[in-house]
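The block underneath contains the structure these notes are about, expressed in structure tokens.
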């Protein structure tokens with residue numbers, strides 16, 4: 041059956057001359073709520089006319105490159121991903137053993153051969169995730185990831201694994217393939233101070249790279265990790281991706297998710313997942329040609345500081361879980377809520393100065409979730425859920441040569457609010473978080489990591505079956521109209537010894553519009569074919585202000601663009617306004 045959805049849904053679109061295809065998400069609500077929310081679908085459609093001679097899609101977040109010639113390491117050249125699923129393309133390359141001030145991984149992708157959905161794209165180095173993104177469903181795209189953090193790993197002989205989780209379904213015309221190019225650009229210069237010296241991939245799957253999937257029947261995963269004896273600092277780097285019904289988790293009931301990371305039984309960090317909208321999300325035409333925030337490449341991994349918990353031992357039990365999966369299953373009866381997590385331990389190791397002992401001085405851990413709260417309203421139903429958390433760990437670590445005092449304080453909150461009726465839904469979710477870490481002793485370092493992810497969706501939609509919906513396949517008339525606003529606002533400040541580094545990103549977008557179509561639903565998992573597209577109009581505006589500073593000096597990027605998909609015949613769209621500039625930032629006393 042068509043299930044009504046309460047949120048930003050990723051409408052997966054691939055525009056090719058083949059038959060248009062849609063996928064109705066496997067998102068469910070309780071039986072009581074289902075009658076009060078309009079439905080959304082995931083869609084794809086045939087290629088628009090015209091030729092694209094440059095990159096059709098690209099991310100707004102683009103660090104300014106140094107004015108020096110980089111060393112270029114080609115990792116993949118037009119590698120084709122057809123019916124590959126999660127199987128990686130694996131290659132070993134030799135990376136120059138030189139110092140560099142900036143490392144950038146570029147991933148450029150071309151789609152051809154028929155219609156195809158947006159697909160996850162991952163790149164791993166020796167099993168460690170260094171790129172986390174997805175494809176544009178038509179034409180081509182380019183995206184980049186700053187990999188300077190991994191400089192001490194990206195040397196010598198490195199094995200890379202590239203994953204594009206692509207599938208064929210020729211019976212409904214899903215035959216598109218992706219040709220992928222991956223290159224590493226290393227800009228010579230003095231490296232940033234205090235980079236990690238070693239990395240350990242977490243949650244390594246049988247294919248050899250970091251990825252674990254959790255669901256209502258496996259809500260957590262634990263593993264033993266042995267840290268080197270000379271480890272004096274540790275952090276977890278985490279990527280998240282909701283799948284199945286939870287591809288659009290912020291539209292569900294419950295609509296909140298937290299990724300909980302435990303170290304030797306202590307709640308070490310609460311990871312706030314970002315509401316990534318891929319190039320078919322909510323309305324496929326919203327992202328033609330401009331993708332949403334973090335869609336083609338996630339800006340940076342989530343950083344969870346773990347150093348105080350080294351006091352509990354270097355032979356660590358690391359556990360991870362996702363909240364509200366069992367609750368979603370109990371509320372809806374659907375088992376198809378899943379999360380893919382990927383990550384690594386970033387370690388600072390001095391083999392000549394082993395850790396002898398540690399004493400945990402403070403260990404406070406509070407996590408609260410109100411659980412879903414439902415109330416009737418004049419027009420339908422109201423859903424609310426709130427939560428907060430507070431973590432405080434401090435310790436003294438004793439080494440063979442010296443000691444370290446270390447503390448991490450983390451706090452955050454989340455708030456979901458939805459109003460639901462048969463024709464209109466409004467859904468709001470906001471996540472706020474902050475983390476502060478200080479280390480003093482044999483080395484001095486600090487981290488400030490804070491941000492918020494606001495999202496608001498307002499839409500109306502309806503689906504009317506025109507053949508028997510109890511018999512698959514069946515046809516329906518579908519239409520929707522609405523808007524979505526989304527923000528990624530993050531500040532990261534770190535200091536090591538006498539060097540200070542600041543990175544800030546404030547990226548926001550607003551997408552409006554709607555479309556109508558006749559769909560043919562072809563299976564119980566929500567797949568459908570767009571038999572005809574009736575109407576279409578979409579407009580998306582994005583702004584970005586980002587800064588990269590070392591000791592108060594660096595570069596600021598300013599980006600503003602508006603993209604329009606104006607009608608049925610010009611569905612590929614165009615940029616109606618576009619500007620990007622870079623400005624030199626200097627300390628106030630030098631200005």
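Numbering (this note's numbering), first residue to last: 41 to 631. Glycine is no exception: its CB is placed at the ideal position from the N, C-alpha and C atoms.
When 412, 219, 441 and 184 are compared, the shortest CA-CA separation from residue 425 is found for 412.
The shortest CA-to-CA distance from residue 243 to any of 208, 279, 514 and 483 is the one to 279. The alpha-carbon of residue 429 is positioned some 34 Å away from that of residue 175. In the same chain as residue 624, and ignoring 5 residues on each side of it, the C-beta atoms closer than 7 Å to its own belong to 595, in chain order. DSSP places residue 325 in the helix class (H, G or I) of the three-state scheme. In this structure, the CA atom of residue 392 is about 48 Å from the CA atom of residue 290. The region 440 to 474 is shown to contain whole beta strand (DSSP E) runs of 3 or more residues at 442 to 460, in chain order. Relative to residue 417, the option among 459, 443 and 406 whose CA is nearest is 459. Here residue 534 is buried, its C-beta having at least 16 other C-beta atoms within 10 Å. Residue pairing by DSSP leaves residue 562 without any beta bridge partner. Taking a cut-off of 8 Å for Cβ pairs, the region 312 to 325 and the region 389 to 409 do not touch, as fewer than three such pairs fall below it.
With a cut-off of 8 Å on Cβ pairs, the region 345 to 364 is in contact with the region 443 to 452, counting three or more such pairs. Taking one beta carbon from each stretch, the region 222 to 230 and the region 375 to 383 have fewer than 3 pairs nearer than 8 Å; the two do not touch.
The residue among 346, 268, 300 and 579 with its C-alpha nearest the C-alpha of residue 605 is 579.
Residue environment for residue 440: exposed (fewer than 16 other C-beta atoms within 10 angstroms of its C-beta). Excluding the 5 residues flanking it on each side, residue 574 has same chain C-beta neighbours closer than 8 Å at 519, 555, 556, 557, 558 and 608, in chain order. With 16 or more other Cβ atoms inside 10 Å of its own Cβ, residue 240 counts as buried. Counting only runs of 3+ residues, the beta strand (DSSP E) found wholly inside the region 116 to 159 occupies 129 to 135 and 140 to 152, in chain order. Excluding sequence positions up to five before and after residue 476, its CB lies within less than 6 Å of the CB of 449 and 488, all in the same chain and listed in chain order.
Sequence-distant Cβ neighbours of residue 141 in its own chain, meaning closer than 8 Å and more than five residues away, are 106, 188, 227, 228, 229, 230, 231 and 232. Taking the Cβ atoms as the reference, residue 589 lies roughly 16 Å from residue 101, outside the contact range of under 8 Å. According to the DSSP assignment, residue 372 belongs to the alpha helix (DSSP H) that extends over 365 to 372.
Measuring C-alpha to C-alpha distances from residue 341 to each of 319, 265 and 382 identifies 382 as the nearest. Runs of the beta strand (DSSP E) spanning 3 or more residues and lying entirely within the region 265 to 320 occur at 271 to 284, 299 to 303 and 306 to 311, in chain order.
Counting C-beta atoms within 10 angstroms of its own C-beta, residue 305 has fewer than 16 neighbours from the protein chains shown and is therefore classed as exposed. Burial state of residue 593 is exposed, judged by a 10 Å Cβ sphere holding fewer than 16 other Cβ atoms. The continuous beta strand (DSSP E) containing residue 399 extends over residues 395 to 409. Contact between the region 189 to 205 and the region 102 to 121 is present, with at least three C-beta pairs closer than 8 Å. Contact check for residue 173 and residue 336: beta-carbon distance about 5 Å, within the 8 Å limit, so the pair qualifies. Taking 8 Å as the cut-off, the Cβ atoms of residue 234 and residue 537 count as close.
Residues of the same chain with a CB within less than 8 Å of the CB of residue 442, apart from the 5 flanking positions on each side, are 393, 481 and 482 in chain order.
Bounds of the beta strand (DSSP E) holding residue 615 are 614 to 625. Residue 512 has its alpha-carbon roughly 22 Å from the corresponding atom of residue 155. Annotation: residue 417 is outside any beta strand (DSSP E) and is labelled neither H nor E by DSSP.
In this structure, the alpha-carbon of residue 598 lies about 39 Å from that of residue 123.
When rounded, the separation of the alpha-carbon atoms in residue 616 and residue 602 is 6 Å.
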